[in-house]
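Using the numbering used here, the first residue of the sequence shown is number 2, and each one after it goes up by one. Idealized CB from N, CA, C, for every residue including glycine.
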Amino acid sequence: MAFNSNKTVYLISVATAQRKLAKVNLQGAKTVFYLSHDYFSYAQIRSQLGDQFHLQMLQDKFHTMLKKKQPAYLKFCRNLAKQYDPDIWWRTHFASRNAASTPFLRHLIYLCCALQITKETNESLVFISESPALLQTIEEILKSKGESVKRIRCLNDWLTRLLLLIKLMARGLIFLKEMISNFWIVKRLKFDEPPIASKPRVLLRSWFSKGSLDANGVYDDRNFGVLVDWFQKKGVDVWISPMFFNLDKKLSEYLTLMKKSRTPFLLAETYLNWVDIPRLLWRGIRELELAVHRLTFEELPVGALACEAHWQTSLYPELLQWNSIDLVLKRLRKRELAFDSFFYPMENNVVEKTFLRAVRKYYPNAGAFGFQHTVWYKEQLGMYLTSEELGEHPLPDRIICSGEAYPDILMQAGFPRNLPVLGPNLRFQYVNQESAKRRSFKGEKGAKNLLILLTFDFNNGLEILDQLKDVLKKINHGKIYIKYHPLNSRQMLETYLAFIHFPKYEWAEGGMADWLERSDAVIVTGGSIAILESIGEGVPVIRFKPQNNFYFEPFWNDYYLPVSQNTAELRQAIHQAYELSDSELDLLKQFGRQIKDEYFEPVSETKLNVFLDLVKKRTESSEQNGNQTTTD
């Protein structure tokens, strides 16, 4: 079927659809495709429309199109990396191609799906999106092909660009405020600096969040676990470069505790100057000038999508602070403070690029090692490489993997064979620790407990809750527990749950291990190592694939683990999980032990020595090369 058929395509923003879609004369158009991952707005629009329109998401069209376009998209990104100044390019979310951090790939897939849907039907259609750039691009392409297109707007549509500019200015001001405040505190506390090295020294760059430091100043590394203390016992001088996020108290309180801690912390503000604050902000502003407005993807004009996505993800105060690491390493080098090795938690995201490039520049003889501390996802294209980009993509010397399955997974994702080496799973040690037999809290008449795990993607969580609301009202439960991700707002979740009339539930507070012991089944959308944790404990896991968003699948092997995509499939999956026989539960536990063996390598002296051996080799190499460095 070709374009230019007898139909009209209507393009409407989410804001306009919420206000007046039900009142607009669409001349018989009944099919409405929702091109957004904002699920709360989807639920609101659906409640207003009733049976007047057939509102639908892309469902499998999204994932099929993503798989089809993946090779071309990776090549597209590789070509961009060659076009731009690497000092600017690698500091941007755009360069990381992280599907969770920038909307560009999602909107690109929406665009391709919309064009395909339009081509395959002769009926009038409605497309709804929160992205003005996406609607503009669809309009331009369809009009160029002779289609009848009508754009329906409201005042908010005209203000979108202005609001984005205001948001960017606000981010810049927040960055200045936070950096000045941090400077005063760190300079006043006078943190210790590394002395002249008399033994091997390593820098661990690690994520620091609530729970990383207790009231007594005892440090519990979120990514590297016992490695910090183990290194110190082996005579290695360990320094922590923290990346703060999701704190449960003021940063000033944590900084005061860090000063008292026995763990040596390397704070950026100790080595930065006051003039570096506006310098860092200016670097962020320069990144906005990245010339992406004329980009094409497979001959499609995607410059508007690229500009919008780039601006939406620029000038984040946290990213500007994290990217100051290159200035920090430059100052450390000028002070002749030696480091033999650098370790960081590897997800192949944006903050790693600046860090690796700085290590290569200022400590060229030191080792740079990534620790694969979490799962590798299939639809997360930021975790892939192409063979053509290996020469310019910032990569570590070795990648220490946390499970037997990961070296092969990394190679499937395009990483060189010589990079992965098997180490221990430092972050999820409890999975391999013996615990009491998992209990089953059964209520009257065999009612069972269900644990719903919400991952970092807020909208995926809203979708699974919406799909479950009617299913769970008809199932005899003991209790429904909901465990929300710490990056999400509990208050917003409560508002949404009330809006959709979700059945009675309780919040699951605390660690995963305790809740797995009291749950008879777990439901999760993907994008979480909790899938592996749950299966490893022998708990039936029901996975749900989002209809308009990425499904971050942790399994790369062909396990027979069906994924639900709608209410009917969820209902069937829950019934099957609750009706497993004792022999089937035993088989599930056997499979769980297999998952533990493949994805959770136990911590042992042998596996910890993988880290130490890498340090020793680099220390010897550095001594042979006379500690050659650069201070440019």
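Spatial distance of residue i from residue j (CA atoms)
i	j	result
Lys120	Tyr74	22 Å
Asn217	Ile241	18 Å
Thr264	Ile142	58 Å
Lys24	Ile46	12 Å
Glu124	Tyr431	56 Å
Phe209	Leu267	13 Å
Leu165	Phe184	28 Å
Ala115	Ile139	8 Å
Val540	Ala509	16 Å
Pro195	Lys188	16 Å
Gln117	Asn426	44 Å
Ser132	Gly236	54 Å
Gln373	Ser403	6 Å
Val276	Phe344	29 Å
Gln573	Ile483	20 Å
Leu455	Glu538	19 Å
Ala369	Trp516	37 Å
Lys260	Ile524	42 Å
Glu380	Phe551	6 Å
Leu22	His294	31 Å
Gly51	Ser42	15 Å
Asn419	Gln492	47 Å
Pro603	His64	35 Å
Asp327	Val360	8 Å
Val219	Leu174	33 Å
Residues bridged to residue i (per DSSP)
i	result
His55	Thr32
Leu454	Lys484, Val525
Glu507	Tyr482
Arg202	Asp238
Gln373	Cys402
Ser565	Phe545
Tyr11	Val127, Lys151
Pro421	Ile400
Pro243	Ser207
Gly226	Asp222
Leu214	Tyr220
Phe266	Ile241
Helix, strand or coil at residue i [DSSP, three-state]
i	result
Arg619	helix
Arg92	coil
Trp516	helix
Val219	coil
Val432	helix
Trp323	helix
Met347	coil
Lys21	helix
Glu602	coil
Thr271	helix
Phe551	coil
Phe545	strand
Tyr579	helix
Lys438	In this prediction, Lys438 has a pLDDT of 48, which is less than 50 and means its spatial position is unreliable; what the coordinates show is noted afterwards. Reduced to three states, the DSSP call for Lys438 is coil.
Tyr364	coil
Trp208	strand
Thr65	helix
Lys475	coil
Pro408	helix
Lys443	In this predicted model, Lys443 has a pLDDT of only 45, less than 50, meaning its place in the structure is not dependable; the value taken from the coordinates is given anyway. Coil, per DSSP.
Residue burial classification, residue i (beta-carbon count within 10 angstroms, cutoff 16)
i	result
Tyr560	exposed
Gly511	exposed
Pro318	buried
Gln629	The predicted model places Gln629 with a pLDDT of 47, which falls under 50 and marks its position as unreliable, so this point remains unresolved.
Arg336	exposed
Glu405	exposed
Asp88	exposed
Leu466	buried
Arg287	exposed
Asp398	buried
Asn558	exposed
Arg280	exposed
Ile167	exposed
Thr496	exposed
The ligand PLP heavy atom lying under 6 Å from the CB of residue i
i	result
Pro196	Absence of the ligand PLP from the depicted structure is noted, as is the absence of any ligand whatsoever, leaving it without description.
Note down, one range per segment and in chain order, each beta strand (DSSP E) of at least 3 residues found wholly within the stretch 101-134. 126-130
Which ranges would you report for the beta strand (DSSP E) in the stretch 148-197 if only whole runs of at least 3 residues count? 149-153
If you scan the stretch 279-320 from start to end, which runs of the beta strand (DSSP E) of 3 or more residues do you find wholly inside it? none
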